[in-house]
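Trainee:
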Amino acid sequence: SLLLADDSSKPSFEVRNPADPDSVVASVAKMTQTDAQEAIERCAQRLPSWRDDTTGQHRSILLRDWSKLITENADDIATLMTLESGKPLQESLGEVGYATSFLDYYAAEAVRPTSAGGGFMVPSPFANPDGSPKGKIMAMQEAVGVTAMITPWNFPIAMITRKVGPALAAGCTAVVKPSELTPLSAIAMQQLALRANIPPGVFEIVTTDRDGAPDIGNEFCTNPTVKKISFTGSTAVGKLLMKLSSDTVKRLSLELGGNAPFLVFEDADIDQAVAAAVASKFRNAGQTCVCADRFLVHSSIHDEFIQKFVDMASGLQVGPGLDKETNMGPVITSHAAESIHAKVLEAIKDGATCELGGNKLSSLGPHFFEATILTNVSPDSRIWNTETFGPVAAVRSFDTEEEAAELANSCDVGLASYFMSKDMARAFRFASKLESGLVGVNEGVFSTCVAPFGGVKESGLGREGSPMGIAEYLETKYVFINP
């Protein structure tokens, strides 16, 4: 089994299926702050042997073995993921491949000069009395130490491997608090890590419900044994974690909220733009931090784009994630569905036109919402200025490149941006104008393990993926040796 048997003597909480909220998928241990302390201590005890007594090659082999076991169990993991997150089964299977790519990538990074034990030398500026160079200057990379991660529900295994993969490759140990909505995927990940002979104490998990989460987060941030925090989630919580971590001056990686603009210029291939828009907006029912939220379409092609956008989006099959026909599942909670509906109604009241959808699909269940497209959305409306995290596209037109840039950048966050244009001069020019950490040109889904992922402004700090991802788990030590 990929799951641990529940210890009925301990308090537990229920994990429910978003497609059928009356269905309990499993009961999971409700851990406490004391459990978090004990997990951190196990990581601390294991750290010296993992960091100092293993080679990068050995850690690389273990990460690859872990990846292979995940792949071998892909169908079961995907089913588990769909049951607790609601996403369509094909998306869950896709996430399994995405998740293992980070383990494979950082297995390769573990043995490179950019990993722990690597570094560089520079010529000494110091001189002996005879004028010859004095000493050797070395910059050495070392593991940060015990790390703590808080992962979200929308990518319940990929966000674990994207953080834990580079941490373990660098020689760090890691304790993870998964979302209370999707802890089963995390438990499965840990079980497979143990089967891959990654020692206990190298990768620990702490599960708890919503009420217990603040205590766990507080322990992660204030415990002096933890040297690094990595968090993916809302900007509000990220700010709180920064404050809590300040007394112990921890290293921080924060991948926070977005409100991504998606721009379609007059010279764009409209069919390509529509396909990219649907992929970017409605993947995981619009519940990703890089989902396009604000659509800006040049006025000369606005009507044609909207018609084709509506036609393609109306073909989405909404339903339970385990149904083979489904390509858009429920949103994660009934509260999320209510919040999305309220924002849509506000936008319409503010003058927007609903071209498609706009309502909950109560006949399917309390978590389902229609694919929705709104036009003539006011830039002052709440749906334009805040991340919606749901299947709603807010659209307005623009006339000039300068206007487009101003509208795209007029928010406090900057994670992802997208734009469609055949003009390669514009591609380079406009990409540099966008205030975001990721820019997709003529593409709606482009995240990969080999490229740096992260935001600017209030979308966070640090980068995940690429060689920059492992650097987040390394300290640089300057050593001067005078022979």
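All residue numbers for the sequence shown refer to our numbering, where the first residue is 4 and numbers rise by one.
We treat Cβ as the ideally placed atom computed from N, Cα and C, and that holds for glycine.
Can you tell me whether residue 463 is buried or exposed? The criterion is at least 16 other CB atoms within 10 Å of its CB, across all chains shown.
Mentor: Per the 10 Å Cβ criterion, buried.
Trainee: With a Cβ-Cβ cutoff of 9 angstroms, do residue 381 and residue 353 count as a contact?
Mentor: Result yes, Cβ atoms of residue 381 and residue 353 sit closer than 9 angstroms.
Trainee: Mapping the DSSP letters down to three states, classify residue 235 as helix, strand or coil.
Mentor: Three-state result, residue 235: strand.
Trainee: Near residue 209, which residues of its chain fall below 8 angstroms by C-beta distance, leaving aside the five closest residues on each side in sequence?
Mentor: Excluding sequence neighbours, residue 209 sits near 34, 38, 39, 42, 178, 179, 180, 219.
Trainee: Skipping 5 residues on each side, what residues in its chain have a beta carbon closer than 6 angstroms to that of residue 28?
Mentor: Correct list, in chain order: 18, 20, 86, 87.
Trainee: Using DSSP bridges, identify the partner residues of residue 265.
Mentor: For residue 265, which the question treats as bridged, DSSP gives the partners 298, 421.
Trainee: Spatial neighbours of residue 282 within its chain, please: CB distance less than 7 angstroms, with the 5 preceding and 5 following residues excluded, ordered by chain position.
Mentor: Hits under 7 angstroms: 447, 448.
Trainee: For the structure I just gave you, are there three or more beta carbon pairs, one from the region 112-124 and one from the region 356-363, closer than 8 angstroms?
Mentor: Flag = no, the region 112-124 and the region 356-363 do not touch.
Trainee: So, with DSSP's three-state summary, where would you put residue 150?
Mentor: DSSP places residue 150 in strand when its eight states are reduced to three.
Trainee: Which value, in whole angstroms, describes the spacing of the CA atoms of residue 199 and residue 6?
Mentor: Answer to the nearest angstrom: the Cα atoms are 15 angstroms apart.
Trainee: Here's a check: name, in chain order, each residue in its chain whose Cβ is nearer than 6 angstroms to the Cβ of residue 384, leaving out the five neighbours to either side.
Mentor: Correct list, in chain order: 350, 353.
Trainee: How many angstroms separate the CA atom of residue 275 from the CA atom of residue 409?
Mentor: One C-alpha to the other measures close to 24 angstroms.
Trainee: Measure the Cβ-Cβ separation of residue 169 and residue 473 and say whether it is below 9 angstroms.
Mentor: Yes, the Cβ-Cβ distance between residue 169 and residue 473 is below 9 angstroms.
Trainee: Here's a check: name, in chain order, each residue in its chain whose Cβ is nearer than 6 angstroms to the Cβ of residue 518, leaving out the five neighbours to either side.
Mentor: There is simply no residue 518 to check, as the chain begins at 4 and stops at 486 in what is shown.
Trainee: Residue 144 bridges to which residues according to DSSP?
Mentor: Partner(s): 479.
Trainee: Counting Cβ pairs, one atom from each stretch, are 3 or more of them under 8 angstroms apart for the region 311-331 and the region 88-96?
Mentor: Because the criterion of three Cβ pairs below 8 angstroms is met, the region 311-331 and the region 88-96 touch.
Trainee: I'd like to know whether the C-beta atoms of residue 419 and residue 443 end up nearer to each other than 9 angstroms.
Mentor: Yes, the pair counts as a contact, with Cβ atoms nearer than the cut-off.
Trainee: On the DSSP bridge assignment, give the partners of residue 124 in chain order.
Mentor: In DSSP, residue 124 forms a bridge with 141.
Trainee: Is it buried or exposed, residue 108, if we count other Cβ atoms within 10 angstroms and call 16 or more buried?
Mentor: Classification of residue 108: buried, given that the 10 Å Cβ count is 16 or more.
Trainee: Once the 5 residues before and after residue 485 are set aside, which same chain residues still bring their CB inside 7 angstroms of it?
Mentor: Closer than 7 angstroms at Cβ, skipping near neighbours: 137, 138.
Trainee: Near residue 23, which residues of its chain fall below 8 angstroms by C-beta distance, leaving aside the five closest residues on each side in sequence?
Mentor: The answer, listed in chain order, is 323, 368.
Trainee: Could you tell me whether the Cβ atoms of residue 277 and residue 299 are closer together than 9 angstroms?
Mentor: No. Outside cutoff.
Trainee: If you draw a straight line from the alpha carbon of residue 388 to that of residue 397, how long is it in whole angstroms?
Mentor: Their backbone Cα atoms lie some 10 angstroms apart in a straight line.
Trainee: Please give the ranges of any alpha helix (DSSP H) in the region 296-379, keeping only runs that are unbroken, at least 4 residues long and fully inside the region.
Mentor: Here the runs fully enclosed are 305-316, 337-352.
Trainee: Taking the beta carbon of residue 61 as the centre, do at least 16 other beta carbons fall within 10 Å, making it buried, or is it exposed?
Mentor: Classification for residue 61: exposed.
Trainee: Go through its chain and collect everything with a Cβ distance to residue 233's Cβ below 6 angstroms, but skip five positions before and after it.
Mentor: Only 152, 166, 256 meet the Cβ criterion.
Trainee: Give me the DSSP bridge partner(s) of residue 399.
Mentor: Bridge partners of residue 399: 299.
Trainee: Does the Cβ of residue 193 have 16 or more other Cβ atoms within 10 Å, making it buried, or fewer, making it exposed?
Mentor: When all chains shown are included, residue 193 counts as buried.
Trainee: Around the Cβ of residue 433, are there at least 16 other Cβ atoms within 10 angstroms (buried) or fewer (exposed)?
Mentor: Buried, since its Cβ has 16 or more Cβ neighbours within 10 Å.
Trainee: Taking the alpha-carbon positions, what's the residue 478 to residue 163 distance?
Mentor: When rounded, the distance between both Cα atoms is 22 angstroms.
Trainee: Since residue 160 contacts residue 84 with CB under 8 angstroms, what's their CB separation in whole angstroms?
Mentor: With a Cβ gap of about 7 angstroms, residue 160 and residue 84 count as contacting.
Trainee: Does the beta-carbon of residue 258 have 16 or more other beta-carbons within 10 angstroms, so that it is buried, or is it exposed?
Mentor: When all chains shown are included, residue 258 counts as buried.
Trainee: Would you kindly check if the distance between the Cβ of residue 222 and the Cβ of residue 36 is under 9 angstroms?
Mentor: Cβ atoms of residue 36 and residue 222: closer than 9 angstroms.
Trainee: Span of the alpha helix (DSSP H) holding residue 221?
Mentor: Run containing residue 221: 216-225, per the alpha helix (DSSP H) assignment.
Trainee: Let me know the secondary structure DSSP gives residue 393 once reduced to three states.
Mentor: Note: residue 393 maps to coil in three-state DSSP.
Trainee: Please identify the residue among 437, 451, 103, 475 whose C-alpha is closest to the C-alpha of residue 459.
Mentor: When each option's Cα is compared against that of residue 459, the closest is 437.
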